[in-house]
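Peer 1: Dropping the structure in here first, questions after.
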Amino acid sequence: MAVHESDIVAVRSALQQLSKHQGLTPKRLRTTVIDAGTLFALPAVQRRHRQLGGDVPEALISVVRELAQQLPATDRIIVDAELTLRLLDTASAHELDVEQLYDNELGKRRSYLVEQWQALHAAVGADNVPPPPTERSLRTTPERHAFTELAKALAAGVVRTPEPTACHGARIDRHTAGPVITVIGDAVMDLVFRADHIPLSPTAHTSTRARHEFRPGGKGLYRAVAAARLGLDVRLIAAVGDDVEGRRILEYLRSEHVDTELVRIVPNTPTPVVCVLVTNDGVTSLVSKTDAIRLGEDDLNAAAARATLAATRVVLLTFEQPGSIVELLLEIVRTLPDRPVVVLHPAPPEEAPARLHQFLSVIDYLVGSPAELERIAQQTNRLSVDEAITQLRLLGSRSVCVIENFQATVHSDTVEVHVPRFQVELEDSPAVRAVFSAALAYRLATSNLPATEADFVWATAAMVAARSGFLLHRDDELVDEIDRILRITEGQHRTELLDKR
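All you need for our numbering is the position in the sequence shown, starting with 1, plus 81.
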């Protein structure tokens, strides 16, 4: 949509007027004599209002905060302080006085912004820091530029839903609001050791040389990042500690365009660290894990979380959080008037999986390995994978998908198909399986429901791209890469129809 200069000027003027006194707050918007109608009428704000419900001021603030986070560092710092958007991650800004930065008086906010110019840029990880302005010079070019850039983003923020496609990947424009994907799971720090072999025999060498690295991990994080790389609007509900590792995880998620507004920072608590051994041939072994940080009921009952779930197209869920939290999430989803599609990966093992059987009708796609599906299905007697699939479907599951070693077998009300293994010399891993769920969510979010045979084939092909395409590409380029893998194998790769159960 073409954006006229007059629209930008009108939006900028309204924002700058609202920056006075306590800034952009719901109370201010409801009681101000300033005409905020120009902002309320923006298409992006109207769409957010329809998604979240509530009132228009809350929708406006939500959109402004989201777009402000995408601005260059200096512009973001200026509009954050002057509109009191509270974007600053307090965990990474221990030396800053947040109360002064977001003071009720604009003059005091400006003074603190100028005084802490270098520290504020360091807190947001800015590479290039312009010279500090004076309070007087701040009010001219820097403020005008920052509010103009925010006004441009708001005026151009037209909402559109992408058109579905039948076979290959649909396209999502990251610069417009698309389908929302919400992920509930863990975000941890992996300490990865890479070695030639894992010493096991007491009669042989009991130690070996290894290289090590820290990197963000967790089933929830993997799914959120994979979905974001496909161009989806992803929100992660998780918790991290108030430490260096937690800040690094948040920075990584934001760099991957994952919304972290619902990631809780737990004070005085370390972020969980998972120690993993990986051999040269790809064999992975979990060595240890520090105490996990868990979500609580308040995290899901918060207004922001409820509003996000109400606006969500697809929920990606794991068993990383406590069973009570998984149950509460499914109960919330069940009561929504326009409920999202739920894709559940039943791992890690749940202590009492049978108590979740009552929610199987809420879970649209149950995705896991044979062992994971057997475990969630059994009550007293041990079941084979075929018996487990039948049991889960009898208990209400609409679709059960078995994934292992780059192949998938789907049993659902509409599809019964086996997608043979893609012939690749790669090792299966949790990250690969996360890509399958993210790719399935992409297809569900950008096409008609329910998932078709083509959707499951595409998600299986995406697993092949997990070790290459997902590292090198994103958005349309990544979708094209998965389509390319499908074209290469089109001649020899055929799905197999299964007998109806």
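Ideal Cβ placement from N, Cα and C applies to all residues, glycine included.
1. Taking 8 Å as the threshold (C-beta atoms), are Ala542 and Leu521 in contact?
2. Using CA coordinates, which residue listed in Glu453, Val424, Arg555 is at the minimum distance from Pro430?
3. Can you check which of these residues, Ser478, Arg415, Val513, is closest to Tyr446 by C-alpha distance?
4. Assuming Glu485 is part of the alpha helix (DSSP H), what are its boundary residues?
5. Can you find the residues in the same chain that come closer than 6 Å, C-beta to C-beta, to His492, ignoring five residues on each side of it along the sequence?
6. Which residues bound the beta strand (DSSP E) around Glu497?
7. Entirely within the segment 371-405 and at least 3 residues each: give me those beta strand (DSSP E) ranges in chain order.
8. Would Arg156 pass as a contact of Glu230 if the rule is Cβ separation under 8 Å?
9. For the alpha helix (DSSP H) holding Asp161, just list the boundary residues, first then last.
10. Less than 8 Å between the C-beta atoms of Val344 and Leu313, yes or no?
11. Between Val195 and Ala154, how many whole angstroms is the CB-CB distance? I'm expecting something under 8 Å.
12. If we ignore side chains and look at the alpha-carbon of each, how far apart do Val273 and Glu147 end up?
13. Using only the alpha-carbon positions, how far apart do Ile346 and Leu390 sit?
14. Go ahead and label Ala433 buried or exposed: buried means 16 or more other beta carbons lie within 10 angstroms of its beta carbon, across all protein chains shown.
15. How many Å lie between Leu425 and Thr399 at the Cα?
16. Report the rounded CA-to-CA distance for Leu376 versus Leu168, giving the unit in angstroms.
17. Sort out for me which residues DSSP pairs Phe295 with in a bridge.
18. When the Cα of Asp271 is compared with those of Tyr183, Ala95, Asp419, Arg329, which residue comes out closest?
19. Ser493 bridges to which residues according to DSSP?
20. Closest by CA to Arg109, which one among Tyr523, Arg131, Leu164?
21. Considering only residues of the same chain and omitting the five flanking positions on each side of Ile142, which have a CB-CB separation below 7 Å?
22. DSSP on Asp340, reduced to helix/strand/coil?
23. Assuming the contact rule is C-beta atoms closer than 8 Å, Asp379 and Pro348 should be a hit. Round their C-beta distance to whole Å, please.
24. Which residues in the same chain have their Cβ closer than 6 Å to the Cβ of Pro351, if we skip the five residues on either side of it in sequence?
25. What does Val448 pair with, by DSSP beta-bridge criteria?
26. According to DSSP, is His426 part of a helix, a strand, or is it coil?
27. Could you tell me whether any non-hydrogen atom of the ligand HEM is closer than 7 Å to the CB of Val516?
28. Using a Cβ-Cβ cut-off of 6 Å (strictly less than) and excluding sequence neighbours within five positions of Leu182, which residues of its own chain qualify?
29. Mapping DSSP to helix, strand and coil, what is Asp314?
30. Count the other CB atoms, across all protein chains shown, that sit within 10 Å of the CB of Pro353; report buried if there are 16 or more and exposed otherwise.
31. Under three-state DSSP, which class holds Arg555?
32. Can you give me the C-alpha to C-alpha distance between Pro260 and Ala125, rounded to a whole angstrom?
33. Identify the continuous beta strand (DSSP E) that holds Val505 and give its terminal residues.
34. Roughly how many angstroms lie between the CA atoms of Glu455 and Ala532, to the nearest whole one?
35. Considering just the uninterrupted stretch of the beta strand (DSSP E) at Thr263, what are its terminal residues?
36. Is the beta carbon of Thr393 sitting closer than 8 Å to the one on Ile569?
Peer 2: By the coordinates alone:
1. Translated into positions along the sequence shown, residue 521 becomes position 440. Translated into positions along the sequence shown, residue 542 becomes position 461. No, the pair does not count as a contact, with Cβ atoms beyond the cut-off.
2. Stepping through the sequence shown from its first residue, residue 430 is reached at position 349. Selected option, being the one with the closest Cα: Glu453.
3. For the purposes of this step, residue 446 is taken as residue 365 along the sequence shown, with counting starting at 1. Among Ser478, Arg415, Val513, the Cα nearest to that of Tyr446 belongs to Ser478.
4. In the sequence shown, the residue the question calls residue 485 occupies position 404. Element bounds for Glu485: not the alpha helix (DSSP H) but the beta strand (DSSP E), 480-485.
5. Here residue 492 is taken as the residue at index 411 of the sequence shown, counted from 1. Once the five neighbours on either side are set aside, the close Cβ partners of His492 are Ile470, Val481.
6. Against the sequence shown, residue 497 aligns to sequence position 416. Element bounds for Glu497: 497-500.
7. 393-399
8. Taking the sequence shown and counting its residues from 1, one reaches residue 156 at position 75. Taking the sequence shown and counting its residues from 1, one reaches residue 230 at position 149. In the sequence as displayed, the identity of residue 156 is Asp instead of Arg. Cβ atoms of Asp156 and Glu230: closer than 8 Å.
9. Numbered from its first residue, the sequence shown carries residue 161 at position 80. Segment 154-164, the alpha helix (DSSP H) holding Asp161.
10. One-based indexing of the sequence shown puts residue 344 at position 263. One-based indexing of the sequence shown puts residue 313 at position 232. Cβ distance not < 8 Å, so Val344 and Leu313 don't count as in contact.
11. The sequence position of residue 195 within the sequence shown is 114, counting from 1. The sequence position of residue 154 within the sequence shown is 73, counting from 1. The Cβ separation is near 16 Å, so there is no contact.
12. Position 192 of the sequence shown holds residue 273. Position 66 of the sequence shown holds residue 147. Straight-line Cα distance between these residues: approximately 33 Å.
13. Along the sequence shown, read from residue 1 onward, the residue named residue 346 stands at position 265. Along the sequence shown, read from residue 1 onward, the residue named residue 390 stands at position 309. Answer to the nearest angstrom: the Cα atoms are 20 Å apart.
14. In the sequence shown, residue 433 corresponds to position 352, counting from 1. Per the 10 Å Cβ criterion, exposed.
15. Position 344 of the sequence shown, counting from 1, holds the residue named residue 425. Position 318 of the sequence shown, counting from 1, holds the residue named residue 399. The alpha-carbon atoms of Leu425 and Thr399 are separated by roughly 6 Å.
16. By one-based count along the sequence shown, residue 376 stands at place 295. By one-based count along the sequence shown, residue 168 stands at place 87. Cα to Cα, Leu376 sits roughly 22 Å from Leu168.
17. Numbered from 1 along the sequence shown, position 214 holds the residue referred to as residue 295. The partner list for Phe295 (beta bridge, DSSP) reads Leu272.
18. Here residue 271 corresponds to residue number 190 of the sequence shown, with the count starting at 1. Answer by Cα proximity: Arg329.
19. The count along the sequence shown starts at 1 and reaches residue 493 at position 412. Per DSSP, Ser480.
20. To locate residue 109, count along the sequence shown from 1; it is residue 28. Looking at the Cα atoms, Leu164 is the closest of the given residues.
21. On the sequence shown, position 61 is the one that residue 142 refers to. Leu105, Pro107, listed in sequence order.
22. Reading the sequence shown from its first residue, position 259 is the one you call residue 340. Strand at Asp340.
23. Locating residue 379 in the sequence shown gives position 298, counting from the first residue. Locating residue 348 in the sequence shown gives position 267, counting from the first residue. Not a contact, Cβ separation roughly 15 Å.
24. In the sequence shown, counting from the first residue as 1, residue 351 sits at position 270. Once the five neighbours on either side are set aside, the close Cβ partners of Pro351 are Gly322, Asp324.
25. Against the sequence shown, residue 448 aligns to sequence position 367. Per DSSP, Cys482.
26. Stepping through the sequence shown from its first residue, residue 426 is reached at position 345. Residue state, collapsed to three classes: strand.
27. As far as ligands go, the structure on display features none, and thus does not contain the ligand HEM.
28. Taking the first residue of the sequence shown as position 1, residue 182 is located at position 101. Here the set comprises Ala162, Tyr193.
29. Residue 314 sits at position 233 when you count from the first residue of the sequence shown. Asp314: strand per DSSP, three-state reduction.
30. Here residue 353 is taken as the residue at index 272 of the sequence shown, counted from 1. Counting Cβ neighbours within 10 Å, Pro353 comes out buried, since at least 16 surround it.
31. Looking up residue 555 in the sequence shown gives position 474. Reduced to three states, the DSSP call for Arg555 is coil.
32. As a position in the sequence shown, residue 260 is number 179, starting the count at 1. As a position in the sequence shown, residue 125 is number 44, starting the count at 1. Rounded to the nearest angstrom, the two C-alpha atoms are 13 Å apart.
33. The count along the sequence shown starts at 1 and reaches residue 505 at position 424. From DSSP, Val505 is part of no beta strand (DSSP E); its letter is neither H nor E.
34. For the purposes of this step, residue 455 is taken as the residue at position 374 of the sequence shown. For the purposes of this step, residue 532 is taken as the residue at position 451 of the sequence shown. Approximately 23 Å between the Cα atoms of the pair.
35. Locating residue 263 in the sequence shown gives position 182, counting from the first residue. Its beta strand (DSSP E) spans residues 261-265.
36. Mapped onto the sequence shown, residue 393 falls at position 312. Mapped onto the sequence shown, residue 569 falls at position 488. No, the pair does not count as a contact, with Cβ atoms beyond the cut-off.
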